[in-house]
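Residue numbers (the numbering used here): 1 to 577.
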């Protein structure tokens, strides 16, 4: 079995730095002697470090490509054998609006499913949670994605980040955790969509009919994804209008009804003669975190974004603002209208916004919100299949999954095999219990997110000279650690409070992933220690060349200043004479 690996950014950046050092000396790459001792030393270090790297493997992976770029050079090694093959790569066509809508439907898709926190904890606690939690949970995810996706704009996102920070073993683990979590997540939305259809049509489907309808929905979504991320972005934009518009109307019509006393109300009172039940904080935070998760999924499409350096930060900020607005305003209107209508919040359960719409605007608005819920479920399924399939393809490109999963469609440039594999596996899970799926998916998501945040810290330390078009404005030492501490703590707390069934299944997935990685590594002839040494050798050479380039540039500036001083001094002597 042959192990494939894409040429790393360090290799190309090192050779580029060596070329820049030579250019400072007024010569082609390493050809003529430099002008000073400093630039001579810099060129020598650059040449030595570049020589320590493996043979060139092609153009820099993170360099800007034209939208129609169609090739990528991949190095394949098997023992001492080496060869280079040219592969197609996806065109960069996604604009910022499309990226915003794909991210929005990977994170939120609207306030559907958020109603339970009001029924559990009451309006006051719910609104405080919606105001506070996103800033310590969603914001770090969004800014992490903006920094890493612009620094490493490759297909696969978090798979590539963790692989680059911690190596193949942990990269494989996180890739599989996220793949399983995505499959579980994907299985939720056909179930939701069928449930909306049953409620709308007033029918009750048997298990076989539900599975058949779900499989048809999944097949439709697979076709859209094979046609390209641009197609997914276009449909997500249309779906976004359909979902956002009824809630905008709800807020406009219901704003005069907003009441401070309703917003500050306590949890629902128990029936007479019964004791008040304590707030189920585990359920409360699980729902709240679940509805503000998924920003890292946007990083998997970085290879298909037209201008990642300029698009990602605005897209993450707009998505976060849109998500918070879609949560806070409808909840504020909803609790005020509900308080005026029946004085309680015990009826706030999943789907209650349909009743809120009916109270505010009549049956037409309630029906529109119900239809928007179905559209949102379809859009969530479409966007998540898009992002998760690219992570699966990245595992294949890094040699950690069957190579077929990394194949790109010859016409559309999409990882069509990964898309179809994801769709087929999802169709096998749609009949599982909804709550178990959701809890297990969140457990795996939190484990993977913890490692992704630690990868952000690790890359700041391991690759300080990596070009970062956007850099989170904190220091590389204490600042970045404090930045990731709150979301990591929330992740670990949620995993620790998982139910016994999701926890057992999560442990099983983690253990099985380790066994699979060991078997796959042995089959592919990988030597972890050797791979680690090669990785550190390459990074050391990369840092050395970058330092040499900086020294060479400064030396050239000093040479130019010296020549300028000599020339100006000569002119002054001539004028005096």
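From the three backbone atoms N, C-alpha and C, an ideal C-beta is built for every residue, glycine too. Quick caveat: nothing in here was measured; it's all calculated off a predicted structure.
Per DSSP, the bridge partner or partners of residue i
i: residue 305; result: 94
Beta-carbon proximity check, residue i vs residue j, cutoff 8 Å
i: residue 101; j: residue 292; result: no
i: residue 369; j: residue 256; result: no
i: residue 476; j: residue 455; result: no
i: residue 187; j: residue 429; result: yes
i: residue 153; j: residue 305; result: yes
i: residue 360; j: residue 250; result: yes
i: residue 155; j: residue 300; result: yes
i: residue 452; j: residue 158; result: yes
i: residue 422; j: residue 94; result: no
i: residue 92; j: residue 266; result: no
i: residue 106; j: residue 406; result: no
i: residue 375; j: residue 239; result: yes
i: residue 329; j: residue 142; result: no
i: residue 440; j: residue 502; result: yes
i: residue 290; j: residue 442; result: yes
i: residue 149; j: residue 298; result: yes
i: residue 414; j: residue 113; result: no
Residue i versus residue j: straight-line alpha-carbon distance, rounded
i: residue 262; j: residue 331; result: 11 Å
i: residue 117; j: residue 404; result: 43 Å
i: residue 490; j: residue 410; result: 43 Å
i: residue 120; j: residue 466; result: 46 Å
i: residue 314; j: residue 519; result: 42 Å
i: residue 288; j: residue 206; result: 32 Å
i: residue 385; j: residue 221; result: 8 Å
i: residue 243; j: residue 364; result: 15 Å
i: residue 431; j: residue 366; result: 28 Å
i: residue 400; j: residue 189; result: 28 Å
i: residue 474; j: residue 200; result: 50 Å
i: residue 286; j: residue 136; result: 15 Å
i: residue 169; j: residue 395; result: 11 Å
i: residue 223; j: residue 233; result: 14 Å
i: residue 337; j: residue 459; result: 49 Å
i: residue 504; j: residue 127; result: 33 Å
i: residue 280; j: residue 497; result: 12 Å
i: residue 122; j: residue 260; result: 14 Å
i: residue 494; j: residue 402; result: 33 Å
i: residue 362; j: residue 204; result: 26 Å
i: residue 506; j: residue 209; result: 30 Å
i: residue 185; j: residue 514; result: 22 Å
i: residue 480; j: residue 468; result: 15 Å
i: residue 218; j: residue 426; result: 8 Å
i: residue 357; j: residue 517; result: 50 Å
i: residue 398; j: residue 108; result: 30 Å
i: residue 132; j: residue 139; result: 11 Å
i: residue 202; j: residue 392; result: 38 Å
i: residue 352; j: residue 445; result: 27 Å
For residue i, the three-state DSSP class (helix, strand or coil)
i: residue 400; result: coil
i: residue 164; result: helix
i: residue 147; result: helix
i: residue 106; result: helix
i: residue 154; result: coil
i: residue 280; result: coil
i: residue 192; result: helix
i: residue 463; result: coil
i: residue 258; result: coil
i: residue 182; result: helix
i: residue 13; result: Low confidence applies here, because residue 13 scores a pLDDT of 47, under 50, leaving its location unreliable; read the following figure in that light. Here residue 13 sits in helix by DSSP.
i: residue 338; result: helix
i: residue 379; result: helix
i: residue 438; result: helix
i: residue 477; result: coil
i: residue 458; result: helix
i: residue 228; result: coil
i: residue 316; result: helix
i: residue 210; result: helix
i: residue 388; result: helix
i: residue 265; result: coil
Heavy atom of the ligand MN within 7 Å of residue i beta-carbon
i: residue 503; result: In terms of ligand content, the structure shown is empty, and the ligand MN therefore cannot be addressed.
| task | Evaluate contact between the segment 482-500 and the segment 189-200, counting only Cβ atoms and requiring at least three cross-stretch pairs below 8 Å. | result | no
| query | Are at least three pairs of beta-carbons, each pair with one atom in the segment 309-326 and one in the segment 158-165, less than 8 Å apart? | reply | The answer is no - the segment 158-165 does not touch the segment 309-326, with fewer than three Cβ pairs under 8 Å.
| task | Determine contact between the segment 163-182 and the segment 323-330, defined as no fewer than three beta-carbon pairs at a distance below 8 Å. | result | No contact exists between the segment 163-182 and the segment 323-330.
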